[in-house]
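Add 1416 to the 1-based position in the sequence shown for this note's numbering, that's all there is to it. Positions of the beta carbon are idealized from the N, C-alpha and C atoms, including for glycine. Data first, discussion second: the structure below is written as structure tokens.
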Amino acid sequence: MMEFLPQHVESLIFAAPQPIALEEIRGVLEETFGLAFTSDSVLQAIGELKRRYDHAQHSFEVVEIAGGYQFMSKGAYHQTIGTHLRQQSTKKLSRSALETLSIIAYRQPVTRSELEKIRGVSCDYALQKLLEKELVTITGRAESVGKPLLYGVTDRFMDYFGIRSLTDLPQPKEFKLPESIGTPDDILVDAAQATDGQ
């Protein structure tokens, strides 16, 4: 069984629609085979897979992302894939959605009124689209008057932008600011462009 452990782990990473966590892999293996698997043994199998797909003949690799593991294309093929994604214009996020998404990512949990105060326009449509794409989720209710809904980003957001956690987001100090400095909230809107470029 242990001889073929990398192949079983490979099948799980391949079949999972989202990054699959180490504990989830262990749980599936233990239920399937009725054996206990240590985290180290599963990590060794993942390490073997990473080495296997590190060779030039493969266009993809195993990547640790958003708290789990997933097959992703290698950098050398991003331009080709990028062309394909640009052609699928119906799936592209609008500037309005990107601005709203960047504010949520940096300020979460955040209410709709806070979003609209920063952007200066209604965010209803952008929020609806982000919820539909499962990039944003409702995380609870604020303690303020009316108990408005609070929004935050999802693991799919990190998967979408290819980051492991929110700490990988560009920091405000990394943005090139204009001669006339705006408010801190203006910087959050600028983050949309930086995030979109990743």
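**Message:** By the DSSP assignment, the alpha helix (DSSP H) with phenylalanine 1443 in it spans what residues?
**Reply:** Reading off the sequence, residue 1443 comes out as glycine, not phenylalanine. Note, glycine 1443: alpha helix (DSSP H), 1438–1449.
**Prompt:** Looking only at its own chain, which residues have a Cβ that is under 6 Å from the Cβ of alanine 1482, when we skip the five neighbours before and after it?
**Reply:** Pro1435, Asp1571, Met1574, Asp1575
**Request:** Please state whether DSSP places tyrosine 1485 in a helix, a strand or coil.
**Result:** strand
**Prompt:** Quick one: what's got a C-beta closer than 6 Å to leucine 1451's C-beta in the same chain, skipping five residues either side?
**Reply:** none
**Request:** Output yes or no for whether 8 Å exceeds the beta carbon distance between tyrosine 1567 and leucine 1543.
**Result:** yes
**Message:** Comparing C-alpha positions only, which one of Thr1454, Leu1428, Val1552, Lys1533 sits nearest to isoleucine 1520?
**Reply:** Val1552
**Message:** Taking the alpha carbon of tyrosine 1541 as the reference point, which residue from Leu1517, Thr1555, Ala1558 has its own alpha carbon closest?
**Reply:** Leu1517
**Request:** Please confirm whether serine 1409 and tyrosine 1493 have their CB atoms less than 8 Å apart.
**Result:** Since the first residue of the chain shown is 1417 and the last is 1614, residue 1409 is not available in this structure.
**Prompt:** Between serine 1455 and arginine 1442, is the Cβ-Cβ spacing less than 8 Å?
**Reply:** yes
**Prompt:** Going by the beta-carbon positions, is the gap between tyrosine 1485 and isoleucine 1554 smaller than 8 Å?
**Reply:** no
**Prompt:** Tell me which same chain residues have a C-beta within less than 8 Å of the C-beta of valine 1458, skipping the five on either side of it?
**Reply:** Leu1421, Val1425, Leu1438, Ile1441, Arg1442, Leu1445
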